[in-house]
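Chains as they are written, first to last, in this note's numbering: chain Y, 300 to 448; chain V, 300 to 448.
A virtual CB, placed ideally from N, CA and C, is assigned to each residue, including glycine.
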DNA sequence: ATCTAAATGTAATGATGTTGCATTTATGTT
DNA sequence: AACATAAATGCAACATCATTACATTTAGAT
Ligand SMILES: [Mn+2]
Ligand SMILES: [Mn+2]
Ligand SMILES: [Zn+2]
Ligand SMILES: [Zn+2]
């Protein structure tokens, strides 16, 4: 099973003409295993044996290739999430809602919630929209219910 | 006129039980004079005679009091804009669209464009929404038209 | 005028992100 | 299997943004 998954990531790297290195495979494996975005600080502490600079370079190249996208959370911290849309080299289409839980700080990509088109004031030419929400995620809202009882 | 305006800012500080200091009045004067948000780097370079730490403290207290709100732009840089909604101590209501021009980098608060209410997946309890758009602002879209001709 | 909490200044430190350059490694070719 | 080389990594230094602790000054009240 683990092999199958790893093979999938190796294919992904191949597709983008990126060398299959341990660091890259580990980053992919971590990000694909979660249903939330991963913050840069988290990545850095988990992958503490990989050089900081290397990590930044991996994140940057993955973003350029359309493998992941960057989201800033409520505190301005960079978070990274895998792209499920048909993103590619310099062409991102991740215009879904990003939900930032105020309790656990996790950022969720709610891919099904797209932006409603809006008519902007005269002169503004929008190229992309992003939608943010903050509040309690399912886990944390359930937890706070329990505490309230 | 300048006196009238300054008096207005002094009243504002009074209302929030903040001492009327030169630094605070200058920050208010700068932010109220523009129709776009002001980035932290800009503030720092313009107010280069005020200590960096003081500037951060001014921004933080203004945000706490509901006088200004913080917006991160596309690069994760902190920008500050005056609150036009009825924001107060620990109660912000700035759920309008923030437009980030990719050319001039300015952030515009489009107060009239509020969030459409969305139904989130089960369990998510949203407390606040924010809407971002990026593209060309009126000035820059006009400029690019001229160049194209 | 005096007093004091609030505001500012200063120095040190932390967190995040980038750049330049030396070294190593993945991978295609022989 | 050995080689060649571009790509990837590691390391050191630096840049920027932000916070903390503590000393000093000042606005505003008495
Ligand atoms: Mn996303
Ligand atoms: Mn705003
Ligand atoms: Zn949560
Ligand atoms: Zn512009």
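How is the beta strand (DSSP E) around residue i delimited, first residue to last?
| i | result |
| --- | --- |
| residue 427 of chain Y | 424-435 |
| residue 369 of chain V | 367-371 |
| residue 380 of chain Y | 377-381 |
| residue 459 of chain V | Only positions 300 to 448 of chain V appear in the structure, and residue 459 of chain V is not among them; the question remains open. |
| residue 396 of chain V | 395-400 |
Going by DSSP, what residue range makes up the alpha helix (DSSP H) through residue i?
| i | result |
| --- | --- |
| residue 359 of chain V | 351-364 |
| residue 385 of chain V | First-last for residue 385 of chain V: undefined, no H or E at that position. |
| residue 322 of chain Y | 321-331 |
| residue 340 of chain V | 339-345 |
Kindly indicate which residue of the options has the alpha-carbon position closest to the one of residue i.
| i | options | result |
| --- | --- | --- |
| residue 438 of chain V | Y:347, Y:321 and Y:423 | Y:423 |
| residue 368 of chain Y | Y:343, Y:339, Y:322 and Y:374 | Y:339 |
| residue 320 of chain V | V:345, V:334, V:343 and V:357 | V:357 |
| residue 435 of chain Y | Y:401, Y:408, Y:429 and Y:371 | Y:401 |
| residue 441 of chain Y | V:433, V:389 and V:421 | V:421 |
| residue 433 of chain V | V:362, V:403 and V:350 | V:403 |
| residue 426 of chain Y | Y:443, Y:372, Y:390 and Y:365 | Y:390 |
| residue 408 of chain Y | Y:330, Y:375 and Y:361 | Y:330 |
| residue 337 of chain V | V:316, V:392, V:366 and V:370 | V:370 |
| residue 365 of chain Y | Y:444, Y:429, Y:392 and Y:328 | Y:392 |
| residue 326 of chain V | V:361, V:335 and V:384 | V:361 |
| residue 451 of chain Y | Y:375, Y:374, Y:379 and Y:372 | Outside the shown range of chain Y (300 to 448) lies residue 451 of chain Y, about which nothing can therefore be said. |
| residue 387 of chain Y | Y:354, Y:312, Y:416 and Y:428 | Y:312 |
| residue 416 of chain Y | Y:309, Y:428 and Y:405 | Y:428 |
| residue 381 of chain Y | Y:351, Y:353 and Y:335 | Y:335 |
| residue 353 of chain Y | Y:418, Y:328 and Y:323 | Y:323 |
| residue 431 of chain Y | Y:315, Y:317, Y:405 and Y:309 | Y:405 |
| residue 355 of chain Y | Y:373, Y:385 and Y:377 | Y:377 |
| residue 307 of chain V | V:328, V:316 and V:363 | V:328 |
| residue 363 of chain Y | Y:373, Y:309 and Y:316 | Y:316 |
| residue 332 of chain Y | Y:351, Y:373, Y:310 and Y:305 | Y:305 |
Is it the case that the CB of residue i approaches a heavy atom of ligand 6 more closely than 6 Å?
| i | result |
| --- | --- |
| residue 385 of chain V | Of the ligands this structure carries, namely ligand 1, ligand 2, ligand 3 and ligand 4, none is ligand 6. |
### Task
Return the residues of the region 363-386 of chain V that lie within a Cβ-Cβ distance of less than 7 Å from chain Y, sorted by chain order.
Those residues of the region 363-386 of chain V placed with their C-beta closer than 7 Å to a C-beta in chain Y are 371, 375 and 377, ordered along the chain.
### Segment contact flag, the region 394-401 of chain V with the region 412-419 of chain V, C-beta cutoff 8 Å, min 3 pairs
These segments touch.
### Query
When you check each C-beta in the region 394-407 of chain V against every C-beta of chain Y, which residues fall closer than 9 Å?
Identification of residues in the region 394-407 of chain V having a C-beta nearer than 9 Å to some C-beta of chain Y yields 396, 398, 400, 401 and 407, given in sequence order.
### Task
Closer than 7 Å is what we want: which residues have a beta carbon that near any heavy atom of ligand 3? List them in chain order.
Y:400, Y:402, Y:403, Y:405, Y:435, Y:436, Y:438 and Y:439
### Task
Please name the residues in the region 341-365 of chain Y whose beta-carbon is closer than 9 Å to at least one beta-carbon of chain V, in chain order.
Taking 9 Å as the cut-off between beta carbons, none of the residues of the region 341-365 of chain Y comes near chain V.
### Message
Below 8 Å, how does it come out for the region 341-355 of chain V and the region 342-354 of chain Y: are there three or more Cβ pairs, yes or no?
### Response
Fewer than three Cβ pairs drawn from the region 341-355 of chain V and the region 342-354 of chain Y lie within less than 8 Å of each other, which leaves the two stretches out of contact.
### Task
Kindly provide the chain-ordered list of residues whose Cβ lies closer than 6 Å to any non-hydrogen atom of ligand 1.
Y:368, Y:370, Y:380, Y:393, Y:395, Y:397 and Y:408
#### Entry: Residues, ordered as in the chain, of the region 416-428 of chain V that lie near chain Y by beta-carbon distance below 8 Å
Here the close residues are 417, 419, 420, 421, 422, 423, 424, 425, 426, 427 and 428.
### chain Y contacts from the region 328-342 of chain V (Cβ-Cβ distance under 9 Å)
none
### Query
Looking at chain V, which residues of the region 313-325 of chain Y have a Cβ within less than 9 Å of any of its Cβ atoms?
none
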